[in-house]
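Asker: Attaching a single structure in structure tokens format; questions to follow.
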Amino acid sequence: MSGEARPLAYRAEIRAEGLVAGTGCSAPWLLGCYQTLSPVLALRWLQNEVVRLASRLDPDPAQSPWAPPTTLREAAPAPDAPAELRVWATDPKERRAAWERVRADEPFFTVVPDVDCVYGLSVWPLWHSAELEPPAPPRHISLRGRFLADH
8 MSGEARPLAY RAEIRAEGLV AGTGCSAPWL LGCYQTLSPV LALRWLQNEV VRLASRLDPD
68 PAQSPWAPPT TLREAAPAPD APAELRVWAT DPKERRAAWE RVRADEPFFT VVPDVDCVYG
128 LSVWPLWHSA ELEPPAPPRH ISLRGRFLAD H
């Protein structure tokens, strides 16, 4: 056995962080997580869950039989997390970029803003080696702070 550290597994998560009604305080929420031996399965789970989340937040008007095309109007400009989540889940370039990071044993993390909260999508390797100490798990990163710092 070589001393080279290899990921033992991969963890995928979807988190949300936003204001709690009437308190003025922000709270993080774990919306879903998945652990697997395969980076492909971790990213596939994330992609499927992102589509599921977007459909529950705001059903896709193009797929909704109850919203005929004549009833659809342009919305006022504002962050549209469900649309951005759908783009991430269906855009081959976005998925390829995520795959390249995870394949290189680097964590993948992206933030999608909405009007009153932000959503964080992540996949990262869980490390193990008989000869090396595994690194500490990722520290909690405020999604809202990350969004504000990055944009």
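Here the sequence shown stands for residues 8 to 158, where the numbers follow our numbering.
For every residue, glycine included, the Cβ atom is placed at its ideal position computed from N, Cα and C.
In angstroms with no decimal places, state the Cα-to-Cα distance between R63 and R108.
Answerer: 28 angstroms
Asker: Buried or exposed for R93, going by 16 or more other Cβ atoms inside 10 Å?
Answerer: buried
Asker: Looking at C-beta atoms only, is the number of pairs between the stretch 30 to 46 and the stretch 84 to 104 that lie closer than 8 angstroms three or more?
Answerer: no
Asker: Is the stretch 11 to 24 touching the stretch 71 to 81 in the sense that three or more CB pairs, one from each, lie closer than 8 angstroms?
Answerer: Touching, no.
Asker: Can you tell me whether DSSP reads R108 as helix, strand or coil?
Answerer: helix
Asker: For L15, count neighbouring C-beta atoms within 10 Å of its own C-beta (all shown protein chains included) and say buried if the count is 16 or more, exposed if not.
Answerer: Exposed.
Asker: Which of helix, strand or coil does DSSP assign to E56?
Answerer: helix
Asker: On the criterion of 16 or more Cβ atoms from any shown chain inside 10 Å, does V119 qualify as buried, or is it exposed?
Answerer: buried
Asker: Just to confirm the assignment, what range does the alpha helix (DSSP H) spanning T77 have?
Answerer: Per DSSP, T77 belongs to no alpha helix (DSSP H) and is neither H nor E.
Asker: Please classify T30: does DSSP put it in a helix, a strand, or coil?
Answerer: coil
Asker: Would you call the CB atoms of A125 and F115 closer than 8 angstroms?
Answerer: Position check: residue 125 holds Val in this sequence, whereas Ala was assumed. No.
Asker: Would you kindly report the start and end of the unbroken beta strand (DSSP E) that includes V119?
Answerer: Residues 115 to 120.
Asker: Starting from P89 and walking both ways along the alpha helix (DSSP H), at which residues does that stretch end?
Answerer: 88 to 97
Asker: Cα-Cα, which of T43, S33, A105 is closest to D123?
Answerer: S33
Asker: Using only the alpha-carbon positions, how far apart do T77 and A61 sit?
Answerer: 23 angstroms
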